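Q:
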Amino acid sequence: MCLGVPGKILEISGDMATVELGKATVQVSMQLLDGGTVGEYVIVHAGFAIERLDIDAARKTLEAMDAFGELS
Amino acid sequence: MKYIDEFKDLVRGSGILKEIVRLATFKVSFMEICGSHTHVICKSGLRALLPDNINLISGPGCPVCVTSQPEIDAIIDFADSNKDVIITTFGDMLRVPGSSSTLEQVRARATDVRVIYSPLGALSIARQSPQKEVVLLSVGFETTAPLIASVLQTAQAEGITNLTVYPLHKLTPPAMAVLLDSKDMRIDGFICPGHVTAIIGADAYGFIAKDYKRPCVVTGFEPLDALFAIYMLLLQIKEGRADIENEYKRVVSGTGNARARAIMDHVFEPSDALWRGLGSIPMSGLSLRDDYMGFSAAKRFGIDITKYTDSSKGTLDCRCADVLRGVINPAQCPLFATACTPTAPQGPCMVSDEGACAAWYTYERTAVAL
């Protein structure tokens, strides 16, 4: 139910955005976000973008995970 | 897919796992609150990889599962006796066993029950069929409630009068407090729900660290997110800390999505709610505010929940209530994988993909003695 999938905004038109989810393209409501930009990643839950995905934060988390690989 | 596959990488995972094995010199029980976490933990086989002294408990995080039996019975009866209404709901609701029927069986008896992927679907149907009453049976936690609120705001702005909602929403932090107060078990740390927290913000769990001295890690939904969260929880315990940490910083902030919360607060107000397994919890549900009472299905159709009693205790030996509290794991229920299977579910936890019993049945049966 709380399933959310990251997708890239391809186009914005009014309150709706066209979002690329893997190989699919879906129409998503942007009403729960304060604006949005083409090229940004958002988390899509049941037809709505519920939050932005911060690419820098994703990279930092992966780096933190990778730190163990280097230690071991 | 980008920002998914990287968090499934086996090599990356083996480094984290080694560190978990090194840290896990003591016995701990961690609870994952979200049904999506239950699903990913089972599907990825994490339980079999972890040291035996780390016990992962599934919590009350499947919205369909925590919906109380009286509410299930009330909506099934309503659907069965209103053949001229279009009922819209999420797919998981269809096969939840009521005391005498399911929504799927009601549909077979000619009620127009439609599965929607998004609440926007209910809005579209209401626009397309202005002569019909459209009822949205909405379940879900803080992740989903703002969506329903947004749809009702749109409906109000457009003057749509043939759409009503029967809200069965639940709020997460009050349920966590009930679990922590429970004498049934000890939870040493929480794997906190990433998408609920995207809305409410990580700061919402402050009371768990402060009052209960238990660590919390807000966690994403890929296998390595769960693995890394387990490492972060272990490290906190090892260092004697009980902090709110955030593994899912790529999506979740401390304060959450203020706009989504404002929309939710505009339409709904907190109210007491009845949970399967946990009973009545003060201010753990959402009711429509006066300005939106025109969208109340209960009011328009006179659905009276007080007519229904909680008969779930008498349903065979179904132990969903205990599974939801984390008191037993699914395999400890006498019906698991015998009388109760995904094709013949006896309780909601075997129906939903996010239910602990369904996830254990699909992915964990090799790990348990049957």
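Protein chains in written order, with numbering that gives the first Met the number 0: chain A, 0 to 71; chain B, 0 to 369.
Glycine included, every Cβ here is placed at the ideal spot set by N, Cα and C.
Quantities reported herein were computed from a predicted structural model and do not represent experimental measurements.
I need the straight-line Cα distance from T60 (chain A) to E5 (chain B), nearest angstrom please.
A: Rounded to whole angstroms, T60 (chain A) to E5 (chain B) spans 11 Å at the Cα level.
Q: With DSSP as the reference, label F89 (chain B) as helix, strand or coil.
A: F89 (chain B) falls in the coil class under three-state DSSP.
Q: When Cβ atoms are compared, which residues of the segment 123 to 151 of chain B fall closer than 8 Å to chain A?
A: Within the segment 123 to 151 of chain B, the residues whose Cβ lies closer than 8 Å to some Cβ of chain A are V138, G139, F140, T142, T143, P145, L146, S149, listed in chain order.
Q: Look at the alpha carbon of A66 (chain A) and the alpha carbon of I40 (chain B), and state the distance between them as a whole number of angstroms.
A: If you take the alpha carbons of A66 (chain A) and I40 (chain B), they lie about 23 Å apart.
Q: What residues from chain A crowd round V164 (chain B), counting only those whose CB sits closer than 8 Å?
A: Those within 8 Å of V164 (chain B) in chain A number zero; the least Cβ separation is about 14 Å.
Q: Per DSSP, which one or two residues make a beta bridge with M30 (chain B)?
A: DSSP output for M30 (chain B) lists B:I56, B:F189 as bridge partner(s).
Q: Does any residue of chain A bring its CB to less than 8 Å from the CB of S117 (chain B)?
A: Closer than 8 Å: yes.
Q: What ranges does the beta strand (DSSP E) occupy inside the segment 249 to 321 of chain B, keeping only unbroken runs of at least 3 residues that lie completely in it?
A: Taking only runs of at least 3 residues, the beta strand (DSSP E) segments lying wholly in the segment 249 to 321 of chain B are 267 to 274, 278 to 287.
Q: Buried or exposed for K26 (chain B), going by 16 or more other Cβ atoms inside 10 Å?
A: Exposed, by the Cβ-count rule.
Q: Using a Cβ cut-off of 9 Å, which residues of the segment 49 to 69 of chain A contact any Cβ in chain B, in chain order?
A: Residues passing the 9 Å Cβ filter: I49, E50, R51, L52, D53, I54, D55, A56, A57, R58, K59, T60, L61, A63, M64, D65, A66, F67, G68, E69.
Q: For a contact meaning CB atoms closer than 7 Å, what does L223 (chain B) contact in chain A?
A: The answer, in chain order, is M64.
Q: Compute the Euclidean distance between the alpha carbons of D224 (chain B) and P145 (chain B), then round it to the nearest angstrom.
A: Whole-angstrom Cα-Cα distance: 25 Å.
Q: What does L9 (chain A) reach in chain B if we use C-beta pairs closer than 9 Å?
A: Near L9 (chain A) there are no residues of chain B at all, since even the closest Cβ is about 14 Å away, more than 9 Å.
Q: Output yes if chain B places a C-beta closer than 8 Å to the C-beta of S28 (chain A); else output no.
A: Yes, its Cβ sits closer than 8 Å to a Cβ of chain B.
Q: With R113 (chain B) as the anchor, note down where its beta strand (DSSP E) starts and where it stops.
A: Here the beta strand (DSSP E) through R113 (chain B) covers 111 to 114.
Q: Any C-beta of chain A sitting closer than 8 Å to the C-beta of M30 (chain B)?
A: Answer no: the Cβ-Cβ gap between M30 (chain B) and chain A never drops below 8 Å.
Q: Can you tell me which residues form a DSSP beta bridge with K169 (chain B)?
A: Note: K169 (chain B) sits in a beta bridge opposite B:G284.
Q: Would you report the Cα separation of Y161 (chain B) and L285 (chain B), rounded to the nearest angstrom?
A: In the sequence as presented, Tyr is not what sits at residue 161 (chain B); that position holds Asn. Roughly 21 Å between the two C-alpha positions.
Q: Measure from the C-beta of T24 (chain A) to each C-beta in chain B and report whether the shortest distance is under 8 Å.
A: With 8 Å as the cut-off, T24 (chain A) does not count as an interface residue toward chain B.
Q: For the alpha helix (DSSP H) holding A156 (chain B), just list the boundary residues, first then last.
A: First-last of the alpha helix (DSSP H) with A156 (chain B): 144 to 157.
Q: Taking C-beta to C-beta, are E31 (chain B) and G12 (chain B) nearer than 8 Å?
A: No, these two residues do not count as a Cβ contact at 8 Å.
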